[in-house]
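Colleague: Numbering (this note's numbering), first residue to last: 441 to 728. C-beta: ideal position from N, C-alpha, C; glycine also. Model, not experiment: these values are computed from the prediction.
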Amino acid sequence: MAKIIDGRKIAKELNESLKVEVEEFVKKNKLIPKLAAVIAGEDPASLFYVKMISRACEKVSIDFEKYSLSENTNEKEILKLIENLNKNKKISGIIVQVPLPKHINQERVQEAVSPSKDVDCFNPINMGRLALGKPEFLPCTPYAVYELIKRENIKVEGKHTVIVGRSSIVGKPMSLILLQKEPYANATLTVCHSRTNDLAYYTCQADILIVAVGIPKIIKKDMVKEGAVVIDVGTNEVEGKLVGDVAYEEVLDKVSVITPVPGGVGPITNIMLMKNTLKAAENLVNIE
Ligand SMILES: NC(=O)c1ccc[n+]([C@@H]2O[C@H](COP(=O)([O-])OP(=O)(O)OC[C@H]3O[C@@H](n4cnc5c(N)ncnc54)[C@H](OP(=O)(O)O)[C@@H]3O)[C@@H](O)[C@H]2O)c1
Numbered sequence: 441m442a443k444i445i446d447g448r449k450i451a452k453e454l455n456e457s458l459k460v461e462v463e464e465f466v467k468k469n470k471l472i473p474k475l476a477a478v479i480a481g482e483d484p485a486s487l488f489y490v491k492m493i494s495r496a497c498e499k500v501s502i503d504f505e506k507y508s509l510s511e512n513t514n515e516k517e518i519l520k521l522i523e524n525l526n527k528n529k530k531i532s533g534i535i536v537q538v539p540l541p542k543h544i545n546q547e548r549v550q551e552a553v554s555p556s557k558d559v560d561c562f563n564p565i566n567m568g569r570l571a572l573g574k575p576e577f578l579p580c581t582p583y584a585v586y587e588l589i590k591r592e593n594i595k596v597e598g599k600h601t602v603i604v605g606r607s608s609i610v611g612k613p614m615s616l617i618l619l620q621k622e623p624y625a626n627a628t629l630t631v632c633h634s635r636t637n638d639l640a641y642y643t644c645q646a647d648i649l650i651v652a653v654g655i656p657k658i659i660k661k662d663m664v665k666e667g668a669v670v671i672d673v674g675t676n677e678v679e680g681k682l683v684g685d686v687a688y689e690e691v692l693d694k695v696s697v698i699t700p701v702p703g704g705v706g707p708i709t710n711i712m713l714m715k716n717t718l719k720a721a722e723n724l725v726n727i728e
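1. Is it right to say G447 is buried, meaning 16 or more other beta carbons lie within 10 angstroms of its own, or is it exposed?
2. What are the boundary residues of the alpha helix (DSSP H) that E515 is part of?
3. Measure the CB-CB distance between A721 and K557 and report whether it falls below 7 Å.
4. Note down the Cα distance separating D483 from H543, rounded to an integer number of angstroms.
5. For V669, verify whether its CB is less than 6 Å away from any heavy atom of ligand 1.
6. With DSSP run on the structure shown, which of helix, strand or coil describes C632?
7. When you measure from the CB of A652 to every non-hydrogen atom of ligand 1, does any distance come out below 6 Å?
8. Please say whether I671 and L699 have beta carbons closer to each other than 7 Å?
9. Rounded to whole angstroms, what is the Cα-Cα separation between G573 and N563?
10. Would you say I708 and A584 are within 7 Å of each other, going by their C-beta atoms?
11. Check this for me: beta carbons of A496 and M714, under 7 Å apart or not?
12. Using a Cβ-based criterion (distance less than 6 Å to any ligand heavy atom), does V673 qualify as near ligand 1?
13. Which of helix, strand or coil does DSSP assign to A571?
14. Between H543 and ligand 1, is there a pair consisting of the residue's CB and a ligand heavy atom that are separated by less than 6 Å?
15. What are the start and end residues of each continuous alpha helix (DSSP H) run of 4 or more residues lying completely inside the stretch 651-696, in chain order?
16. Check for me: the alpha helix (DSSP H) holding F465 runs from which residue to which?
17. Count the other CB atoms, across all protein chains shown, that sit within 10 Å of the CB of N593; report buried if there are 16 or more and exposed otherwise.
18. Which of the three DSSP states, helix, strand or coil, is assigned to G533?
19. Just the C-alpha distance for F465 and S494, rounded to the nearest angstrom, thanks.
20. Rounded to whole angstroms, what is the Cα-Cα separation between S696 and L454?
21. Do you know how far the Cα of M614 is from the Cα of I472?
22. At what residues does the alpha helix (DSSP H) containing I479 begin and finish?
23. Work out the CA separation of L724 and P575 for me, nearest whole Å.
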């Protein structure tokens, strides 16, 4: 029977230690880290997500402010707001909630966030730094997976890691993180995607299998290697219930370690945003 990783327990421990780090930072620098969230429109999922972020901030005593623009806002207005937030010394980190209204160029807006405040790591400069092995920030979801790998003492070096999914927010940066010459990285990697022929051929060779596709239970029992470590990033709603990309019940007695959905990677993700916000606050202090 596989070891089931308790993401909620890891999240609780991370929250407690981060709260202490924030307190020490505030004491030393007389500055409270602050996260700004820019949102345009009233999309319920976006509003819910921003509320979750505000709660995550509260838990670790990071200040939070929501900057709401109307659905009809124009690009000039949103770029002006970001310019002001970039200059504002009280703001440590900035996130732009996506999707933005269709008439706004999302990439241009994300690129406008100063790299030193880009806590979501969407700015190409920060992605470029990650690709060069000199990251400023790590994107939150793959960062959560990396943190989980470290905390669970999962040895990546010398093992074959297969990542299914190559999106810019999960799969691709995940591969870049695990390629770093760092402890718990140095991976030998295969990245699969929708154009991969015979997905099972690759997943069956994975000592460590990381899945971020968004298709419920796409990874079945006959697609995993005996004793593999399986990290399921997928979050899919099926008949009102959250399920992952891995057929969890099926693979439980075949793999050695697995993350459940819910309760695996998900709870850790927002804390990594908080960690990035504290790092951004430290950057701000060091620049001055
Ligand atoms: N836990 C968290 O905090 C968290 C955070 C973010 C996302 N997620 C979840 O993670 C999942 C992936 O998110 P995402 O944003 O990366 O999704 P995405 O942008 O839709 O990317 C999905 C990736 O899966 C690949 N793919 C699609 N069908 C495939 C197939 N049949 N075989 C192999 N690969 C296939 C796609 O390939 P192509 O590139 O060829 O299209 C793409 O690279 C979703 O369930 C999402 O909800 C969870």
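Modeller: Concretely, from the data shown:
1. Buried, by the Cβ-count rule.
2. E515 to K527 is the extent of the alpha helix (DSSP H) around E515.
3. no
4. 15 Å
5. no
6. In this structure, C632 counts as strand in the three-state DSSP scheme.
7. Yes, the Cβ of A652 comes within 6 Å of a heavy atom of ligand 1.
8. Looking at the sequence itself, residue 699 is Thr, so the reference to Leu does not match. For T699 and I671, yes; Cβs fall inside 7 Å.
9. 16 Å
10. Yes, Cβ-Cβ distance for I708 and A584 is below 7 Å.
11. yes
12. yes
13. helix
14. No, since every heavy atom of ligand 1 falls outside the 6 Å radius drawn around the Cβ of H543.
15. 688-691
16. G447 to N469
17. exposed
18. Here G533 sits in strand by DSSP.
19. 20 Å
20. Between S696 and L454, the C-alpha separation is close to 24 Å.
21. 30 Å
22. Where I479 is concerned, there is no enclosing alpha helix (DSSP H), although the beta strand (DSSP E) it sits in stretches over K474 to A480.
23. 17 Å
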